[in-house]
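A.B. asks: Mind having a look at this structure? Questions to follow.
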Amino acid sequence: MDAADLHRDAVVVDTHNDLILLVDHFDRREQPGHFADFWLPELRAGGVDVQVLPICIEEQFQSEGALRRTLLLIERIHRLADEHADDVALCLTGADVDAAVASGRVALVIALEGAHAIGQDPALIHTLARVGVRVVSLAHFGRTFLADGSGLDDTSRGGLTPEGVEVFTAMERLGVVFDISHLGLAGVEDVLDRATRPLLATHSACLALTDSHRNLGDAQVKRIAELGGVVGIAAAIPFFIDATTPTADRVVDHIEHVAETAGIDHVGLGPDFIDDYYQQVFGGWILPPGLPTGTAPAEVARPSDLPKVTEAMLRRGFAEDDVRKVLGGNTLRVLRDVMGRPAD
């Protein structure tokens, strides 16, 4: 099977696309058709069958405005699903995901990036789960009431706070998938010491290949694999992949490294498609401290570029079954095992 046919035939799961921020941006400019005009064609062109939709809270909302902003964006995702019911379906369980994919619709999964909405009230994880959140990370860049983000590794190496431990424990019990991306070093170790269920690194890459505080070391990758988890490679972020040569082949270098380190069953795709948001809203990237500037543009910059990863994997000698695992099969396993399935 050639690359194009294989990509079309495989189930493709993207564990990180910030598209809801750009949808909201255009909504506020009285252009509510942005999802239909831009993102839906992009998802179809990229063969995306399952789209995890993270809610990233911009800095100006991260204190008293976080909960309201989060709920408004969750409501927008629900309305997207209603408006485009023939093309997408909001999913609460792995079975929902399978049903959506079988019907030819894109399965949407709501996620929180940083969980700023929880603040210092762990009970809110239950509320957020009730309204459809199924994947959660506890920190973004910087500190929350729950944990330290990776950008603080040079100054603070705190693990999960008591509130963070309470939220993490509730997530495992509720069947909300934990996302380890963005946690600081101590937080990663804390989670891996406590975890009893498979988890995701929704958008990370390999520290052994690219020196970035956002990337995972080999020991961390192995421990994620031991739990049955998956590392989604952040193919669209040059400073995670290769600041000077962020090509599809370099993305495959990271895929290959995870496979060699922990096994082919523990690597997936979490590109982190956010370039269009930065270009539209700010006219270019605005980066937090500790990340390089002046990087080359990523070859995999939008969903329609995802077939380039399949082409590169086949060119590099990956077996077809292994390509299918990376494109989505591995992540589907985690979603089926955990998402919406309360622990015994």
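Basically the working numbering = 1-based index in the sequence shown + 9. Every residue, glycine too, gets a C-beta built ideally from N, C-alpha and C.
Leu236 to Gly193, Cα distance in whole Å?
C.D. replies: One C-alpha to the other measures close to 19 Å.
A.B. asks: Tell me whether the beta-carbon of His191 lies closer than 8 Å to the beta-carbon of His149.
C.D. replies: Cβ distance < 8 Å, so His191 and His149 count as in contact.
A.B. asks: Could you tell me if Met322 is buried or exposed, where buried requires 16 or more neighbouring beta carbons within 10 angstroms of its beta carbon?
C.D. replies: When all chains shown are included, Met322 counts as buried.
A.B. asks: Under the assumption that Val332 contacts Thr319 (Cβ atoms under 8 Å), give the Cβ distance between them as a whole number of angstroms.
C.D. replies: Indeed, because the Cβ distance is near 6 Å, the residues count as touching under 8 Å.
A.B. asks: Along the chain, where does the beta strand (DSSP E) that runs through Val241 open and close?
C.D. replies: The sequence shown places Gly at residue 241, not Val. 239 to 242 is the extent of the beta strand (DSSP E) around Gly241.
A.B. asks: Which partner residues does Gly60 have in the DSSP bridge list?
C.D. replies: The question names Gly, yet the displayed sequence has Gln at residue 60. Looking at the DSSP assignment, Gln60 forms a beta bridge with Asp23, Leu117.
A.B. asks: Mapping DSSP to helix, strand and coil, what is Gly277?
C.D. replies: Gly277 falls in the strand class under three-state DSSP.
A.B. asks: Compare the C-beta of Ser221 with all C-beta atoms of chain D and state if any pair is closer than 8 Å.
C.D. replies: Within the model displayed, chain D is absent; a lone protein chain is all it includes.
A.B. asks: Could you spell out where the beta strand (DSSP E) holding Ala98 opens and where it closes?
C.D. replies: First-last of the beta strand (DSSP E) with Ala98: 97 to 99.
A.B. asks: Quick one: Cα of Val176 to Cα of Gly226, how far?
C.D. replies: Distance between the alpha carbons of Val176 and Gly226: 25 Å.
A.B. asks: With DSSP as the reference, label Asp331 as helix, strand or coil.
C.D. replies: Note: Asp331 maps to helix in three-state DSSP.
A.B. asks: Under a three-way DSSP split, which group does Val309 fall into?
C.D. replies: The answer is coil: DSSP assigns Val309 none of H, G, I, E or B.
A.B. asks: From what residue to what residue does the beta strand (DSSP E) around Val142 run?
C.D. replies: Run containing Val142: 142 to 145, per the beta strand (DSSP E) assignment.
A.B. asks: Taking buried to mean at least 16 other C-beta atoms within 10 Å of its own C-beta, is Leu81 buried or exposed?
C.D. replies: Exposed: under 16 other Cβ atoms inside 10 Å.
A.B. asks: Can you check whether the CB of Val21 is closer than 8 Å to the CB of Gly279?
C.D. replies: Taking 8 Å as the Cβ cut-off, Gly279 and Val21 do not qualify as a contacting pair.
A.B. asks: Round the Cβ separation of His263 and Ile242 to the nearest angstrom and send it over; I've been treating them as touching at under 8 Å.
C.D. replies: Yes, they are in contact, since the Cβ atoms of His263 and Ile242 sit about 5 Å apart, within 8 Å.
A.B. asks: Short of 6 Å in beta carbon distance, which residues of its chain neighbour Asp199, apart from the five on each side in sequence? Order them along the chain.
C.D. replies: Excluding sequence neighbours, Asp199 sits near Gly168, Leu169.
A.B. asks: DSSP has Phe282 in a bridge; who is on the other side?
C.D. replies: The partner list for Phe282 (beta bridge, DSSP) reads Asn26.
A.B. asks: Determine the DSSP secondary structure at Leu315, reduced to helix, strand or coil.
C.D. replies: Leu315 falls in the coil class under three-state DSSP.
A.B. asks: How would you label Phe291, buried or exposed, when you count the other beta carbons within 10 angstroms and need 16 or more for buried?
C.D. replies: Exposed is the call here.
A.B. asks: List the residues that DSSP assigns as beta-bridge partners of Ala380.
C.D. replies: Since the first residue of the chain shown is 10 and the last is 353, residue 380 is not available in this structure.
A.B. asks: Please check the pair Leu209 and Val186, which I expect to be a contact at CB under 8 Å, by giving their CB distance rounded to whole angstroms.
C.D. replies: Yes, they are in contact, since the Cβ atoms of Leu209 and Val186 sit about 6 Å apart, within 8 Å.
A.B. asks: Whose C-alpha, out of Gly326, Ser221, Thr304, is nearest the C-alpha of Val261?
C.D. replies: Nearest option by C-alpha distance: Gly326.
A.B. asks: For Asp33, which of helix, strand or coil comes out of DSSP?
C.D. replies: Note: Asp33 maps to helix in three-state DSSP.
A.B. asks: So, with DSSP's three-state summary, where would you put Glu354?
C.D. replies: Because the chain here runs from 10 to 353, residue 354 falls outside it and cannot be looked at.
A.B. asks: Do the CB positions of Leu121 and Pro63 come within less than 8 Å of each other?
C.D. replies: Yes, the pair counts as a contact, with Cβ atoms nearer than the cut-off.
A.B. asks: Tell me which same chain residues have a C-beta within less than 8 Å of the C-beta of Val54, skipping the five on either side of it?
C.D. replies: Per the sequence presented here, residue 54 reads as Ala, with Val not at that position. So the qualifying residues of the chain are Pro312, Ser313.
A.B. asks: Whole angstroms are fine: how far does the CA of Ile233 sit from the CA of Arg166?
C.D. replies: Rounded to whole angstroms, Arg166 to Ile233 spans 20 Å at the Cα level.
A.B. asks: Is the separation between the beta-carbon of Ile83 and that of Leu99 shorter than 8 Å?
C.D. replies: The answer is no: Cβ separation not under 8 Å.
A.B. asks: Alpha carbon to alpha carbon, how far is Leu89 from Gly293?
C.D. replies: C-alpha separation (whole angstroms): 27 Å.
A.B. asks: When burial is assigned at 16 or more other CB atoms within 10 Å of the CB, is Asp91 buried or exposed?
C.D. replies: When all chains shown are included, Asp91 counts as exposed.
A.B. asks: If contacts are defined as beta-carbon pairs under 8 Å, then Val110 and Asp58 qualify, I think. What distance do you get, rounded to the angstrom?
C.D. replies: The Cβ separation is near 5 Å, so the contact holds.
A.B. asks: To the nearest angstrom, report how far apart Val239 and Leu344 are at their CA atoms.
C.D. replies: One C-alpha to the other measures close to 10 Å.
A.B. asks: Just verifying my parser: in three-state terms, what is the DSSP assignment at Leu323?
C.D. replies: Looking at Leu323 - three-state DSSP - the assignment turns out to be helix.
A.B. asks: Please classify Ala132 as buried or exposed, where buried requires at least 16 neighbouring CB atoms within 10 angstroms.
C.D. replies: Ala132 should be labelled exposed.
A.B. asks: Starting from the C-beta of Leu31, find all residues in its chain whose C-beta is less than 7 Å away, skip the five residues before and the five after it, and write them out in chain order.
C.D. replies: Excluding residues within five positions, the ones whose Cβ falls inside 7 Å are His43, Asp285, Tyr286, Gln289.
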